[in-house]
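Sequence lines, in order, name chains A and B. If you count the first sequence from 1, position 218 lands on 218 in the numbering used here, and the numbers rise without skipping. If you count the second sequence from 1, position 37 lands on 1037 in the numbering used here, and the numbers rise without skipping. Positions of the beta carbon are idealized from the N, C-alpha and C atoms, including for glycine. On a predicted model such as this, the values are computed, not experimentally measured, just so you know.
2 protein chains.
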Amino acid sequence: MSPGFAGNAPAVAAVDWGTTRMRVWLIDGGGKVLAERRGDDGLITAQQKGFSTILEGHLAAMAAPEALPVIICGMAGSRQGWLEAPYVTVPAPLSAILAGAARVPGQHRDVRIVPGLAQRRIDAPDVMRGEETQLAGAGLPAKGRQLVCMPGTHSKWVLVEDGAVAGFGTWPTGELFSVLAAHSILRHSLGEHPKPVTPSNPFFRNWCETALAEAGDVTSRLFSIRAAGLLQDLKADDAAACLSGLLIGGEIASASRRHGAGAEPVVLVASGALAALYQAALGLAGLEVRTVDADEAVRAGLIEAARENGMIARTGAAP
Amino acid sequence: MSPGFAGNAPAVAAVDWGTTRMRVWLIDGGGKVLAERRGDDGLITAQQKGFSTILEGHLAAMAAPEALPVIICGMAGSRQGWLEAPYVTVPAPLSAILAGAARVPGQHRDVRIVPGLAQRRIDAPDVMRGEETQLAGAGLPAKGRQLVCMPGTHSKWVLVEDGAVAGFGTWPTGELFSVLAAHSILRHSLGEHPKPVTPSNPFFRNWCETALAEAGDVTSRLFSIRAAGLLQDLKADDAAACLSGLLIGGEIASASRRHGAGAEPVVLVASGALAALYQAALGLAGLEVRTVDADEAVRAGLIEAARENGMIARTGAAP
């Protein structure tokens, strides 16, 4: 037993390793979280300092045993990452995706990276890395059709049928917001530091409804934000709410149309302020929502991946 | 008579003064162009060096007479320009717009700036500066309905009815292209210096058709360009063609829907490579096109503005 873990020894370390940040959890044999650590040494930092160095540093700081196996998801498995974990082509069952984790060679411990997903349709090529693990941890029912919305820099909408990923699409909503706010003419409208947008802002709601009514056509309304500043004295914080409402509403209208939303609740995998904005916007679209916390989902997905790869037992004993 | 103008003395100087560049023409009493000069001292430079200094420098280099009146259109008339020429609210007749030029005080010559247009609809606020002059010079018939497409950084689509601007909209297509190419994840797909897009590129045509079929919903396809690079070995120059086709197709689908295109040919006010791309895209949309050269249109519009302001005679004698 390792010192400091009050009775339960860690059985696996689970790592969510994204582009700009990483999180590490120590998990016991029953799937219980023993410790958590966060760092801003994501892919970009790791490319310079070395993935192994950064991982071992975090594990040492958590007093993890030398031989503890590690399961990783996210951009660490990309071509620019530690080891390319080749994409699994959809349609594919979630359990098979997790079980296909790629082993990093030359490590003194068992380190594996969950593969991303590729949609190889010629008319709709798409990829994801990291969200497949969130999806596996979202507690989706084994049977039936689920439409899952995972908002962020590159929002993913995923159609899951009977526990398998049937198809997905990407809407770069978060990236559009930040790129337009920083580099387009809208920077004059939004100012340098607009306050975070809240779902109760009437501008957020109005512009979201406009985008929903226009079936995802957002380009026709972008310049209106600038014009509203010139003609209607729109304030910077409200301009940010307009842009947020327009882009989120546009995403929901477009994704709903593409994936046929409405038959069942949309499963929203999100946390904090972003979850609140999408809950409001999905409500304005008349869609029922079931929210799953994104942080919990990725941790649960990594634990499930550890099980699928035999790192911890399938039915762990309760502590 | 001023030296160097082979028989005809200039009656007015016409200036198209944009954000980053300016053009000056000397015009005789009959509306004939005697000389042209181009500079990269647009609004941004002029804010530092002074508008009068820059204008007088160009006029001196063209040996223009001391008392020659000047008519100006474009961003020089904005709030950040030389003198704010207040917006004319649409609907408004083109002739009345031109006649409303604002006189710059404190100059030794008569200098006037054509006003921009404001659409003060609460649900679709919009503004333009400079395009109103192109529009007046586009040779539109005095009667009937015309839908005019003026592509660029901020493309304008204008509905003209019986010689009056009935309404308009802005699609920031050129700006979206450059901002996404430089600052979004698509910079990895397009590379640093993609070749100019040509209308014969099949990727331009395919992605344009996709956007046309999806009614202006372009955000759902942006990330596909990145994915096509990862999964289908899409080359950088072709990725630029995809993005161009997607954005131009999206603009046309959206604007056609908003303004009801199809009853008569679209009047395309554009020059060079941009004209060729829009001609191809409008053709793919099944729309008939009549192209008017944008450079000629702005010059003709300024001459018409000089006439409306009594700077040259309405029916000038032929040289």
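Exercise. Do residue 1185 (chain B) and residue 1221 (chain B) have their C-beta atoms closer together than 7 Å?
Worked result: No. Outside cutoff.
Exercise. Comparing alpha-carbon positions, which option in B:1267, B:1101, B:1028 and B:1179 lies nearest residue 1145 (chain B)?
Worked result: With distances taken between Cα atoms, residue 1145 (chain B) lies closest to B:1267.
Exercise. For residue 282 (chain A), which residues of its own chain have a beta-carbon under 7 Å away from its beta-carbon, when the five flanking residues on both sides are left out?
Worked result: Contacts found: 252, 266, 268 and 289.
Problem set entry | Check whether residue 1133 (chain B) and residue 1302 (chain B) have beta carbons under 7 Å apart | It is a contact, given that the beta carbons lie within the stated cut-off.
For this session: Report the residue from B:1112, B:1153, B:1108 and B:1078 whose alpha carbon sits nearest the alpha carbon of residue 1118 (chain B).
Result: Proximity to residue 1118 (chain B) across B:1112, B:1153, B:1108 and B:1078 peaks at B:1078, based on C-alpha coordinates.
Exercise. Cα separation between residue 1012 (chain B) and residue 1047 (chain B)?
Worked result: In a straight line, the C-alpha of residue 1012 (chain B) is about 24 Å away from that of residue 1047 (chain B).
Exercise. Which runs of the beta strand (DSSP E) spanning at least 3 residues fall entirely within the segment 1013–1053 of chain B, listed in chain order?
Worked result: For the segment 1013–1053 of chain B, the continuous beta strand (DSSP E) assignments of 3+ residues that do not extend past its boundaries occur at 1022–1028 and 1033–1039, in sequence order.
Exercise. Going along the chain, which residues of its own chain have a beta-carbon closer than 6 Å to the beta-carbon of residue 1018 (chain B), five neighbours each way excluded?
Worked result: Within its own chain, the residues whose Cβ lies closer than 6 Å to the Cβ of residue 1018 (chain B), once the five positions on either side in sequence are excluded, are 1042, 1074 and 1075, listed in chain order.
Exercise. According to DSSP, is residue 234 (chain A) helix, strand or coil?
Worked result: Residue 234 (chain A) sits in coil when the DSSP states are folded into three classes, being neither helix nor strand.
For this session: List the endpoints of the continuous alpha helix (DSSP H) containing residue 1205 (chain B).
Result: That run of the alpha helix (DSSP H) goes 1202–1213.
Exercise. Just how far apart, CA to CA, sit residue 1021 (chain B) and residue 1057 (chain B)?
Worked result: Rounded to the nearest angstrom, the two C-alpha atoms are 15 Å apart.
For this session: Can you tell me which of the three DSSP states residue 317 (chain A) falls into?
Result: Confidence at residue 317 (chain A) is low in this model, with a pLDDT of 42, below 50, so its placement is unreliable and no value can be given for it.
Exercise. Based on the DSSP secondary-structure assignment, which residues constitute the bridge partners of residue 169 (chain A)?
Worked result: BP columns for residue 169 (chain A) point to A:157.
Problem set entry | chain A contact residues for residue 1175 (chain B), given Cβ-Cβ distances below 7 Å | Near residue 1175 (chain B) (Cβ distances below 7 Å), the residues of chain A are 184 and 185.
For this session: Using the Cα positions of residue 1064 (chain B) and residue 1309 (chain B), report the straight-line distance between them to the nearest angstrom.
Result: Distance between the alpha carbons of residue 1064 (chain B) and residue 1309 (chain B) is about 20 Å.
Exercise. Among A:242, A:154, A:203 and A:72, which has the Cα closest to the Cα of residue 307 (chain A)?
Worked result: Selection A:242, A:154, A:203 and A:72 evaluated against residue 307 (chain A) yields A:72 as nearest (Cα-Cα).
Exercise. Among B:1122, B:1094, B:1087 and B:1082, which residue has its Cα nearest to the Cα of residue 1106 (chain B)?
Worked result: Checking every option, the nearest Cα to that of residue 1106 (chain B) belongs to B:1082.
Exercise. DSSP on residue 74 (chain A), reduced to helix/strand/coil?
Worked result: In the structure shown, residue 74 (chain A) adopts extended strand secondary structure according to DSSP, grouped into three states.
Exercise. Under a three-way DSSP split, which group does residue 287 (chain A) fall into?
Worked result: Residue 287 (chain A): coil per DSSP, three-state reduction.
Exercise. Name the residues in the segment 150–170 of chain A whose C-beta lies less than 8 Å from a C-beta of chain B; which are they?
Worked result: 154, 169 and 170: these are the residues of the segment 150–170 of chain A whose beta carbon lies less than 8 Å from some beta carbon of chain B, given in chain order.
For this session: In the DSSP assignment, find the alpha helix (DSSP H) that holds residue 187 (chain A) and state where it starts and stops.
Result: Annotation for residue 187 (chain A): the continuous alpha helix (DSSP H) segment containing it runs 186–190.
For this session: Classify residue 1259 (chain B) as buried or exposed, calling it buried when 16 or more other Cβ atoms lie within 10 Å of its own Cβ.
Result: Here residue 1259 (chain B) is buried. Its C-beta has 16 or more other C-beta atoms within 10 Å.
Exercise. Taking the alpha-carbon positions, what's the residue 1089 (chain B) to residue 1120 (chain B) distance?
Worked result: Their backbone Cα atoms lie some 7 Å apart in a straight line.
For this session: List the DSSP bridge partners of residue 1113 (chain B).
Result: The partner list for residue 1113 (chain B) (beta bridge, DSSP) reads B:1072 and B:1102.
For this session: State whether the segment 175–193 of chain A contacts the segment 1202–1213 of chain B, with contact taken as three or more CB pairs (one from each stretch) at a distance under 8 Å.
Result: Judged by pairs of C-beta atoms under 8 Å, the segment 175–193 of chain A does not touch the segment 1202–1213 of chain B, as fewer than three such pairs exist.
Exercise. So, residue 101 (chain A) versus residue 111 (chain A), is the Cβ gap smaller than 7 Å?
Worked result: No, the Cβ-Cβ distance between residue 101 (chain A) and residue 111 (chain A) is not below 7 Å.
Exercise. Cα separation between residue 264 (chain A) and residue 280 (chain A)?
Worked result: Between residue 264 (chain A) and residue 280 (chain A), the C-alpha separation is close to 17 Å.
Exercise. Does the distance from the C-beta atom of residue 239 (chain A) to that of residue 1125 (chain B) stay below 7 Å?
Worked result: No. Outside cutoff.
For this session: State the CB to CB distance for the pair residue 247 (chain A) and residue 177 (chain A), rounded to an integer number of angstroms; the pair is presumed to be in contact (CB under 8 Å).
Result: With 8 Å as the limit, residue 247 (chain A) and residue 177 (chain A) qualify as a contact, their Cβ atoms being about 6 Å apart.
Problem set entry | Through-space distance from residue 1254 (chain B) to residue 210 (chain A), alpha-carbon basis | Rounded to whole angstroms, residue 210 (chain A) to residue 1254 (chain B) spans 14 Å at the Cα level.
Exercise. Between residue 45 (chain A) and residue 299 (chain A), what straight-line distance do the alpha-carbon atoms span, to the nearest angstrom?
Worked result: Going from the Cα of residue 45 (chain A) to the Cα of residue 299 (chain A) covers about 22 Å.
Exercise. Apart from the five residues just before and just after residue 1313 (chain B), which ones in its own chain have a Cβ nearer than 7 Å to its Cβ?
Worked result: The beta carbon of residue 1313 (chain B) is closer than 7 Å to those of 1029 in its chain, skipping five residues each way along the sequence.
For this session: Answer with buried or exposed for residue 1129 (chain B), where buried requires no fewer than 16 other C-beta atoms within 10 angstroms of its C-beta.
Result: Residue 1129 (chain B) is buried by the Cβ-count criterion.
Problem set entry | Where residue 1175 (chain B) falls, given that 16 or more other Cβ within 10 Å makes a residue buried | When all chains shown are included, residue 1175 (chain B) counts as buried.
Problem set entry | Span of the beta strand (DSSP E) around residue 126 (chain A) | Unbroken beta strand (DSSP E) run through residue 126 (chain A): 126–128.
Exercise. Which two residues bound the contiguous beta strand (DSSP E) that contains residue 1269 (chain B)?
Worked result: Here the beta strand (DSSP E) through residue 1269 (chain B) covers 1266–1269.
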